[in-house]
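Chains as they are written, first to last, in the working numbering: chain P, 55 to 386; chain Z, 55 to 386; chain W, 55 to 386; chain U, 55 to 386.
For glycine and all other residues, C-beta sits at the position ideal for the given N, C-alpha and C.
Heads up: the structure comes next, in structure tokens.
Protein chains: 4
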Amino acid sequence: MPIPTPNYHPPFNITRASHVILTVKDLDASYNHYVEILGLIQTERTADTLYLRGIDERAHHSVVLRKSNAPGTVDRIGLRVFMDEDLDKAYAHFNEIGTPCRWVDVPFQGKTLHFEDPNGMPVELCARMDQAESLHDKFQHHRGGHPKAIDHFQMPCQNVTLATQFYAQLGFRISEYTDSDDESQLWGTWLQRKGNPHDIVFTAGKGPALHHFAMQSKDASTIMHITDVVGSMGLEDIIDRQPSRHGIGNAMFVYFRDPDGHRMEFYDAHYQMIDIDHEPIRWPLSNTKRSSIWGVPASRRWYFETSPFTGVERHQSEFPGEPMTLEKMFGS
Amino acid sequence: MPIPTPNYHPPFNITRASHVILTVKDLDASYNHYVEILGLIQTERTADTLYLRGIDERAHHSVVLRKSNAPGTVDRIGLRVFMDEDLDKAYAHFNEIGTPCRWVDVPFQGKTLHFEDPNGMPVELCARMDQAESLHDKFQHHRGGHPKAIDHFQMPCQNVTLATQFYAQLGFRISEYTDSDDESQLWGTWLQRKGNPHDIVFTAGKGPALHHFAMQSKDASTIMHITDVVGSMGLEDIIDRQPSRHGIGNAMFVYFRDPDGHRMEFYDAHYQMIDIDHEPIRWPLSNTKRSSIWGVPASRRWYFETSPFTGVERHQSEFPGEPMTLEKMFGS
Amino acid sequence: MPIPTPNYHPPFNITRASHVILTVKDLDASYNHYVEILGLIQTERTADTLYLRGIDERAHHSVVLRKSNAPGTVDRIGLRVFMDEDLDKAYAHFNEIGTPCRWVDVPFQGKTLHFEDPNGMPVELCARMDQAESLHDKFQHHRGGHPKAIDHFQMPCQNVTLATQFYAQLGFRISEYTDSDDESQLWGTWLQRKGNPHDIVFTAGKGPALHHFAMQSKDASTIMHITDVVGSMGLEDIIDRQPSRHGIGNAMFVYFRDPDGHRMEFYDAHYQMIDIDHEPIRWPLSNTKRSSIWGVPASRRWYFETSPFTGVERHQSEFPGEPMTLEKMFGS
Amino acid sequence: MPIPTPNYHPPFNITRASHVILTVKDLDASYNHYVEILGLIQTERTADTLYLRGIDERAHHSVVLRKSNAPGTVDRIGLRVFMDEDLDKAYAHFNEIGTPCRWVDVPFQGKTLHFEDPNGMPVELCARMDQAESLHDKFQHHRGGHPKAIDHFQMPCQNVTLATQFYAQLGFRISEYTDSDDESQLWGTWLQRKGNPHDIVFTAGKGPALHHFAMQSKDASTIMHITDVVGSMGLEDIIDRQPSRHGIGNAMFVYFRDPDGHRMEFYDAHYQMIDIDHEPIRWPLSNTKRSSIWGVPASRRWYFETSPFTGVERHQSEFPGEPMTLEKMFGS
């Protein structure tokens with residue numbers, strides 16, 4: 055099965071992964087986790103919501119934590135478009151192709167459009183946000199893992215092919231992908247708009263759900279440091295996957311779980327994917343080095359536990375991957 | 055004086071700084087410098103030309119070294135456009151505004167357009183290149199400073215305002231800029247298309263000329279390592295500016311001079327500049343921390359020695375900066 | 055049970071862990087592993103033996119690989135004494151306490167004394183070696199994991215208490231130790247002479263045998279790099295334990311297995327233990343963070359596979375540790 | 055002139071550089087500098103004194119700051135001996151050779167002996183200190199440059215040869231030294247007891263005075279980070295010498311000046327010097343790479359400004375070095 059071709063003249067200009075809105079039980083606990091331990095910056099706290107950002111970010115928020123009585127879900131992910139006029143073009147396009155969408159007012163953001171993608175995932179688009187101070191050159195405030203900026207989201211979903219076709223039509227390009235060894239079924243796609251390996255990732259699984267959101271750290275030393283901090287605080291249980299290097303994207307990583315079970319990745323750096331002649335990299339499903347070039351298996355909890363989208367039912371993918379491969383993924 | 059406003063609907067799509075063509079005296083000496091010591095990768099060597107690239111790059115070349123009897127000059131810098139159709143749009147646009155341009159055949163590149171910018175700098179545009187293997191995930195071949203990819207070019211020129219207006223019209227955005235303390239005169243502009251702080255930089259000086267081209271290194275440790283390698287080989291004279299951190303762009307850097315005097319910067323990382331609401335950062339000329347946040351002065355040779363463009367006469371800028379400030383730049 | 059008290063007026067002056075002599079099947083394969091991949095330096099190769107050292111070392115050898123028809127064993131470990139006169143004092147002391155010892159001629163070493171410790175482990179002592187060039191300031195030769203110098207040896211043995219008493223009598227101090235939760239049985243001791251956490255380590259197990267020898271790397275970045283190199287060469291099977299940080303000694307580590315199954319650790323740095331008032335750190339056996347502060351379990355093969363000493367029978371320890379704890383060590 | 059030979063059977067056992075007592079004007083300002091910015095740990099604050107230590111240190115203090123109306127001086131440097139019995143041996147030895155010494159009571163220290171060395175430098179010896187918690191494995195408290203432990207002191211003095219002979223007699227070994235190009239005059243000696251390149255350093259100059267004390271940082275990344283922190287706080291004036299790598303000792307370094315002008319070095323790592331056959335490294339005075347292998351000149355203020363010892367007159371060395379070489383040292 056051929057992988058979907060990107061639309062090089064998309065109907066409107068999506069520029070990057072922008073923000074994620076998570077529901078949580080206790081804002082103080084979330085503040086402690088993300089700000090005190092991991093090193094994100096708090097821009098604002100309202101009665102029921104924490105607005106956080108990375109040290110490089112001028113946007114008001116990239117991680118939004120909303121207090122909820124039914125915590126542990128994801129309200130929606132946010133993508134940035136370039137200009138407000140792109141929102142109008144998006145509205146027209148979604149109406150034309152029958153994608154549900156509507157205008158909404160969102161605090162601290164400019165004009166915002168909500169839509170649901172073909173797998174039922176809720177997404178919002180905006181071009182502008184209130185501005186905050188970038189702390190990229192205030193090294194005295196770089197603590198913990200001091201993430202620079204949000205980078206991407208990974209979502210298991212029922213139909214990877216459908217998701218990929220939808221976003222390819224919106225101009226997303228595939229940087230890397232995984233399919234069955236006989237190339238007949240697509241298992242996962244790494245899709246990008248901002249010129250590095252990924253803004254959004256879809257993998258076959260029970261979805262739509264959020265596997266993790268990722269923020270970029272300075273370098274491998276910083277990733278080791280934040281893991282050491284967490285370990286020496288006696289919080290090793292929140293290390294959901296220990297540091298290693300992904301084959302896909304070639305980034306050093308560590309994954310943490312927050313008090314509500316949401317998963318965040320710190321990764322070090324990516325390569326550039328801008329040129330028209332840059333072809334996707336294929337990883338057959340049986341090549342488990344895509345997950346760790348060191349051959350370090352993931353845990354079942356890293357693999358299968360995810361955050362559902364608020365009020366959205368999940369469905370099992372028709373192609374979860376071969377059982378043998380999964381066993382190899384987890385060690386035995 | 056207000057800084058030029060970027061054109062958000064440019065006539066064609068330039069995507070990034072792509073390559074530079076330098077003239078050299080001795081290909082073996084250049085190979086030794088760039089490949090054996092600094093860690094670039096050789097893609098191809100013809101009778102009179104070396105084609106080099108960074109470890110992440112799939113493009114055939116980002117640094118081209120052409121043997122010449124009059125070495126030490128720059129034939130031209132190359133910018134990438136997204137698609138071949140952008141070249142046709144560029145050709146039409148340049149003809150419309152009276153910018154000299156012409157189609158040329160260039161080995162290992164797709165369709166290529168040459169033009170001269172308002173300061174007389176020769177530039178070439180192409181969308182495609184022959185493809186080479188990316189070594190981003192072949193760590194065994196990461197040697198010396200193992201630069202990932204080319205990032206930007208810095209050019210002194212006679213008229214910074216004119217250059218900035220020209221490239222802003224082509225869609226370049228200003229990330230940071232330096233002007234006189236009274237804001238009446240523009241001294242330097244850092245311009246970008248690919249979403250980080252700069253693809254091309256113009257500063258007031260004797261030009262057009264190339265001050266340096268820059269490639270991205272993995273991290274600060276790598277920058278220290280390549281400086282240590284050069285120092286322990288007894289080649290400290292080629293360290294043109296010792297490692298420090300720029301205020302502008304916030305990158306750790308080191309500068310080396312090649313056997314023909316061309317200057318290359320290794321830097322560690324940049325921030326992202328993608329959003330419409332991301333405003334340029336201003337640095338008054340008297341704030342010398344723009345050059346080093348550690349307060350480390352540059353040398354006069356780093357400041358004033360440049361590579362002229364082949365066959366292009368240089369003219370002194372009308373606004374070289376205040377003498378007092380320059381003294382502060384060099385230490386005393 | 056109280057831990058043994060060090061003898062602050064030892065009969066002779068042992069200064070540090072010095073070298074190890076391993077038997078191997080194929081010198082070329084060993085050369086490829088240790089020199090080409092891991093970055094040790096070859097000092098000399100004779101008909102049947104490779105002599106290797108770290109980049110900081112002036113001593114002729116710290117890792118000796120002897121070709122053998124029965125490879126995969128350890129001929130002996132070597133400790134350095136300060137002066138030749140210490141060898142004479144050692145000879146007198148061993149004769150006095152009934153420890154088997156004898157003078158031997160060893161190529162490239164000064165006067166050398168062999169002895170067998172109470173668990174039957176063969177050890178050699180010398181004060182001098184032929185000298186080689188230190189490459190500590192030749193950064194151009196730092197490749198792979200470029201270990202600085204040998205640091206310590208870890209040995210499972212039948213009787214940890216007996217071993218600890220013997221070496222404490224020779225002036226070794228305990229930096230850290232593991233015992234049963236009720237403090238009744240000693241499970242492992244980390245012993246040092248050179249002022250950092252350990253030169254020799256004894257743990258309860260089937261022994262005497264060598265679990266690993268360790269060399270110091272420059273920093274965490276270097277440890278990540280050598281692991282990336284091994285992974286990207288497709289050699290992930292030789293990564294015997296992925297990078298993490300030990301609780302005991304507080305060092306970042308990675309373990310590799312050589313073609314004959316010998317295990318080498320790279321670690322980043324240690325703390326200093328010099329002062330008389332520096333007390334040992336206790337780790338109850340059930341606290342598995344002693345092995346990884348990140349909570350990363352070891353594999354069974356890392357735990358149980360060891361290199362026997364050539365011609366020395368191994369005996370199971372009387373206190374291997376509680377089965378429940380061991381399960382926790384390996385994950386599930 | 056031959057360099058002094060170490061006494062391998064010294065009259066008592068000095069183990070390492072231990073602590074320094076500095077006079078300061080304002081304890082709050084000193085606290086802000088050393089604890090808040092540079093990352094040392096405060097053990098205790100009394101009415102007139104701050105007691106600080108590194109993150110690895112269990113000793114109560116390695117940097118002592120005493121409030122004084124005549125600040126900017128050094129009360130004395132402290133060396134550690136192994137056992138209290140070494141203090142008695144020291145007392146006997148000093149009396150025998152006519153070195154002025156006396157017993158004193160010092161808070162938070164065990165039995166303490168004061169003496170004055172041949173250049174008039176005040177030194178104290180002790181074997182024991184009150185113990186504090188080591189934070190080596192509490193990564194959440196590693197801030198700024200988070201120095202691990204004190205390492206060495208550098209002192210200009212009137213007579214380098216005399217100083218070297220005195221300390222060599224006490225068992226100090228020379229790791230590296232600088233002399234005139236014709237080998238007739240000794241200019242500087244790097245002397246050690248703890249097995250790395252230096253505990254105390256003597257150079258020809260106006261002395262006795264303290265040029266700097268040095269603490270070990272984790273790695274080069276940490277040294278860059280603390281320099282970035284200082285620069286981004288607008289405190290670049292306290293960067294007394296920017297990061298580079300010394301030829302002597304082969305360490306990456308940065309030097310800061312405190313509010314009273316005292317100079318502290320952070321350096322990354324050293325090699326081991328333990329073996330009897332480890333010969334000193336010679337650096338002719340004209341080889342300025344001993345100061346920076348990158349060829350980065352020092353400033354005059356780094357070179358000539360020092361902290362005098364409280365109440366001790368300074369005298370100019372008879373061999374300050376050739377003027378030509380000094381010019382080369384500073385660039386000009």
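Worksheet item: How many angstroms separate the CA atom of D191 of chain P from the CA atom of S298 of chain P?
Response: 28 Å
Worksheet item: For L119 of chain U, which residues does DSSP report across the bridge?
Response: U:L76, U:L104
Discussion item. If distances are taken between C-alpha atoms only, which option among Z:S234, Z:A217, Z:D129, Z:H147 comes closest to F373 of chain Z?
Written reply: Z:S234
Worksheet item: If you measure from the beta carbon of H190 of chain W to each beta carbon in chain U, is any gap under 8 Å?
Response: yes
Worksheet entry | Cβ neighbours of Q219 of chain U in the same chain (closer than 6 Å, five flanking residues each side left out) | P58
Item to complete: Give me the Cβ distance between I204 of chain P and M269 of chain P, rounded to the nearest whole Å; I'm assuming they're in contact under 8 Å.
Response: 5 Å
Worksheet item: Where R311 of chain U and F267 of chain U are concerned, what is the direct C-alpha to C-alpha distance, given to the nearest angstrom?
Response: 11 Å
Fill in: Nearest-angstrom Cα separation, counted from L224 of chain Z out to R433 of chain Z
Because residue 433 of chain Z is not part of the residues shown, which for chain Z are 55 to 386, the question remains open.
Worksheet item: Looking only at its own chain, which residues have a Cβ that is under 6 Å from the Cβ of F148 of chain W, when we skip the five neighbours before and after it?
Response: C155, F169
Practice prompt. Return no unless some Cβ of chain Z is closer than 8 Å to the Cβ of M287 of chain W.
Written response: yes
Worksheet item: When burial is assigned at 16 or more other CB atoms within 10 Å of the CB, is V117 of chain P buried or exposed?
Response: buried
Worksheet item: Hey, does H279 of chain W have any beta-carbon neighbour from chain B nearer than 8 Å?
Response: Absent from the structure: chain B. Protein chains present are P, Z, W and U.
Item to complete: List the DSSP bridge partners of F267 of chain W.
Response: W:F207, W:M318
Item to complete: Could you name the residues that DSSP lists as bridge partners for Y221 of chain Z?
Response: Y221 of chain Z is not bridged to any residue.
Worksheet entry | Bridge partner(s) assigned by DSSP for L167 of chain U | U:W157, U:L179
Fill in: Test: V117 of chain Z CB closer than 8 Å to a CB of chain U
no
Practice prompt. For chain Z, find out if any of its Cβ atoms is closer than 8 Å to the Cβ of Y105 of chain W; answer yes or no.
Written response: no
Worksheet item: Does the beta carbon of V283 of chain U sit closer than 8 Å to a beta carbon anywhere in chain P?
Response: yes
Fill in: V284 of chain Z vs I131 of chain Z beta-carbon contact at 8 Å
no
Worksheet item: If contact means a Cβ-Cβ distance below 8 Å, which residues of the stretch 290 to 324 of chain Z contact chain U?
Response: E290, D291, I293, Q296, P297, S298, R299, M306
Worksheet item: For F193 of chain Z, which residues in chain W fall below 7 Å Cβ to Cβ?
Response: H279, D282, V283, S286
Fill in: is_contact[I347 of chain U, chain Z] using C-beta, thresh 8 Å
yes
Worksheet item: Is L133 of chain U helix, strand or coil when you go by DSSP?
Response: strand
Item to complete: Just the C-alpha distance for S353 of chain P and V350 of chain W, rounded to the nearest angstrom, thanks.
Response: 11 Å
Worksheet entry | Span of the alpha helix (DSSP H) around L141 of chain W | 138 to 151
Worksheet item: How many Å lie between M209 of chain Z and T257 of chain Z at the Cα?
Response: 6 Å
Fill in: Interface partners of A83 of chain W on chain P, CB under 9 Å
The contacting residues do not exist; A83 of chain W stays about 20 Å from chain P at best.
Worksheet entry | Cβ-Cβ distance between G301 of chain W and S361 of chain W below 8 Å | no
Worksheet item: Can you check whether the CB of L81 of chain Z is closer than 8 Å to the CB of Q96 of chain Z?
Response: no
Discussion item. Using only the alpha-carbon positions, how far apart do P172 of chain W and G164 of chain W sit?
Written reply: 25 Å
Worksheet item: At a CB-CB cut-off below 7 Å, which residues of chain U make contact with Q185 of chain W?
Response: D331
Worksheet item: Taking contact to mean at least 3 C-beta pairs separated by less than 8 Å, is the stretch 129 to 145 of chain P in contact with the stretch 63 to 79 of chain P?
Response: yes
Worksheet item: Of the choices Z:E367, Z:M318, Z:S371, Z:F363, whose alpha-carbon is the least far from that of T127 of chain Z?
Response: Z:F363
Item to complete: For I293 of chain Z, count neighbouring Cβ atoms within 10 angstroms of its own Cβ and tell me buried if that reaches 16, exposed if not.
Response: buried
Worksheet item: When DSSP builds the beta bridges, which residues end up paired with Q194 of chain Z?
Response: DSSP, once it has assigned bridges, lists no residue as partnering Q194 of chain Z.
Practice prompt. Compare the C-alpha of L216 of chain Z against each of Z:T342, Z:D236, Z:V160, Z:P262 and name the closest.
Written response: Z:P262
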